[in-house]
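J.: Counting the sequence shown from 1 gives a position; my numbering is that position plus 78.
Using N, Cα and C, we set each Cβ at its ideal position, and we do this for glycine too.
First the structure, which I've put down as C-alpha cells, then a few questions once you've had a look.
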Amino acid sequence: MSMQLTPPEASASNPLVLDAPASVEIVKADDAPGMVPVPAERQQEINAQARAFVSEVSAMSPFSPEYSSKIDGINRIAGQQLVASASTSSRLLERSSTSLAGAKKSGSSAQVQVASTLGELRSTVEDLTPSNADLSVGRKILGIIPGGNKLAKYFQKYESAQTQLDKIIKSLMAGQDALLKDNASLAQEKTQLWETMQALSEYAVFAKALDTATANKIDEMKMQGQIEEAGKLDADVLYPIRQRHQDILTQLAVSVQGYLAIDMIRKNNTELIKGVERARTTTISALRTAVIVAQALANQKMVLDQIDAINTTTNNMILKTSEMLKDQTARIHQQAASSGVSVETLQKAFDNVFQTMDAIDTFRSQANKNMEGTVQALETGLERARPYLDRVRQQEGN
C-alpha cells in the first residue's frame, strides 16, 4: 500500500456538498509501517542501537541473570504503546457503533438528534408546501373571494407552524453544536493515536533491526564454528524478537485502521454539519418569503374591507352607489388580477428545501452502508489484536 498517513490538521471550509466518505479498508500488518514513516536519521540511530544490543547479548553467558533480563526486555518492547493503542481501538469501536446507530435512527448520539430533527423538518415543510394547496386568486366581488380565503387559511396554517419551526431550528443548532464538540474530541483522539502510531513505527523499525542484526550474528557464529552458541541465540533471542515484531506490526495495523476510521467519522460529522447549516439557512429564506407574501395579502384585505364598508352604508343613495360600484368594481377586478402573492417564488424556496432533504437522505443511505462496513472492519482488526494484547498484559503481570 503506497498511501502514507499524515498528522491531523485543522479542517478548512469546503463548498457545501454532501458526500458520503468511502468505507475504511482493512490495513494489512505488512503495509502499516510504510503508512507512518520514520525519518531516515532516526532509522540510523535505531539500527545502531539494535546492533549494539545484539552485540552485547551475544557476548553474555546464556546462564547469567543479565542475559535473562535482556530476553525479558525484548518481550516488553513497546508494551506501553500496545496497551494505549488497544485502548484507543476500544473507544473507537464504541464511537463507531454509536455512529452506526445514528445512521439507523437508534441510540442517543448527536447524529441521532440531527437525523431525527431533519426528518421532522422535512415533514413540516412537506405539510406547508404550496404545491399541495390551491393558492389561486378568484375574481368574485362583495367579499366573496375564494382565492383570498384559501390564501388566508394557508398562511394561518403557516403562522401556527411558526413555533414548531423555531423549535426545529433550535434543535438542529443544538445538534450541530454537539457534532462540532464530537469532532473536537475526535481530533484530540486522532492526535493521541498518531503519537502512539509514531512510537509503534519506531519500535517496528527497532524490532526489524534487531531481527537483522541477530540473524547476521547467528550466521557469523556458525561460520566461526560456534554452533551451540548460535543455536542458543536463535532460540532465546531471535524467536522472541520476531514474535514481538509480529505483535507490534499487528497492533500498528489496527492503529492505522483506527486512525482512518476516526478520519471517516469526522468527515461524516462534517457532512451532517453542512447539511444542517444548509437546511437552516434555506428555512430562514422561506420564512422571509412567507412574511413578504403575508404582508401583501394583508394590504389587499384591508382595501377590500374598506370597499365593503362603503357599500353597506350607501343603501339609500342608489345612483351614487351605482356610480361608486362602477368605479369600485373596476378597481376590485384590477386588484384581483394583480395579486401580490408570488407563488412561484415561494414554490422555488420550498424546492430548495426538498433538494436539501433529498441530498441528506442520499447521504445517510450511503453513509449507513459505509459505516457498517467500517464497524465490521474494526471488529475484525480488534479480534486479531485481542490475543496479542492479552499476551502483553499477561507478560507484564509476570
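Scan the region 242-309 and note each continuous alpha helix (DSSP H) run of 4 residues or more that stays entirely inside, going in chain order.
T.: Correct list: empty.
J.: Using the Cβ count rule (16 or more neighbours within 10 Å means buried), how would you classify residue 466?
T.: Buried, since its Cβ has 16 or more Cβ neighbours within 10 Å.
J.: Do the CB positions of residue 440 and residue 342 come within less than 9 Å of each other?
T.: No. Outside cutoff.
J.: Of the residues 458, 472, 277 and 136, which one's Cα is nearest the Cα of residue 295?
T.: The shortest Cα separation from residue 295 among 458, 472, 277 and 136 belongs to 136.
J.: Along the chain, which unbroken stretches of the beta strand (DSSP E) at least 3 residues long are found entirely within the region 413-468?
T.: Runs of the beta strand (DSSP E) inside the region 413-468: none found.
J.: Grouping DSSP H, G and I as helix and E and B as strand, with all else coil, what is residue 374?
T.: In this structure, residue 374 counts as helix in the three-state DSSP scheme.
J.: Between the region 342-358 and the region 315-332, can you find at least three pairs of beta-carbon atoms closer than 8 Å?
T.: They do not touch, by the three-pair rule.
J.: Quick one: grab the DSSP three-state call for residue 156.
T.: In this structure, residue 156 counts as coil in the three-state DSSP scheme.
J.: Just to confirm the assignment, what range does the alpha helix (DSSP H) spanning residue 481 have?
T.: In the structure as shown, the chain starts at 79 and stops at 476, and residue 481 therefore has no counterpart that could be examined.
J.: Using a beta-carbon distance below 9 Å, is residue 251 in contact with chain C?
T.: Any reference to chain C falls outside this structure, which holds one protein chain only.
J.: Using beta-carbon positions only, say whether residue 48 and residue 199 come within less than 9 Å of one another.
T.: For residue 48 there is no data in the structure shown, the boundaries of the chain being 79 and 476.
J.: Pairing CB atoms from the region 160-167 with CB atoms from the region 269-279, are three or more of them under 8 Å?
T.: Cβ pair count under 8 Å is three or more, so yes.
J.: Please classify residue 93 as buried or exposed, where buried requires at least 16 neighbouring CB atoms within 10 angstroms.
T.: Residue confidence for residue 93 is low, a pLDDT of 46 falling below 50, so the modelled location carries little weight and cannot support an answer.
J.: Between the region 277-291 and the region 113-123, are three or more C-beta pairs nearer than 8 Å?
T.: Output reads yes: the region 113-123 touches the region 277-291.
J.: Taking only three categories from DSSP, how would you classify residue 115?
T.: It is coil, neither helix nor strand.
J.: Going by other Cβ atoms of all chains shown within 10 Å of its Cβ, with 16 needed for buried, is residue 340 buried or exposed?
T.: Buried: at least 16 other Cβ atoms inside 10 Å.
J.: Taking the alpha carbon of residue 312 as the reference point, which residue from 297, 455, 408 and 302 has its own alpha carbon closest?
T.: Among 297, 455, 408 and 302, the Cα nearest to that of residue 312 is on 297.
J.: Report the rounded CA-to-CA distance for residue 139 versus residue 132, giving the unit in angstroms.
T.: Distance between the alpha carbons of residue 139 and residue 132: 13 Å.
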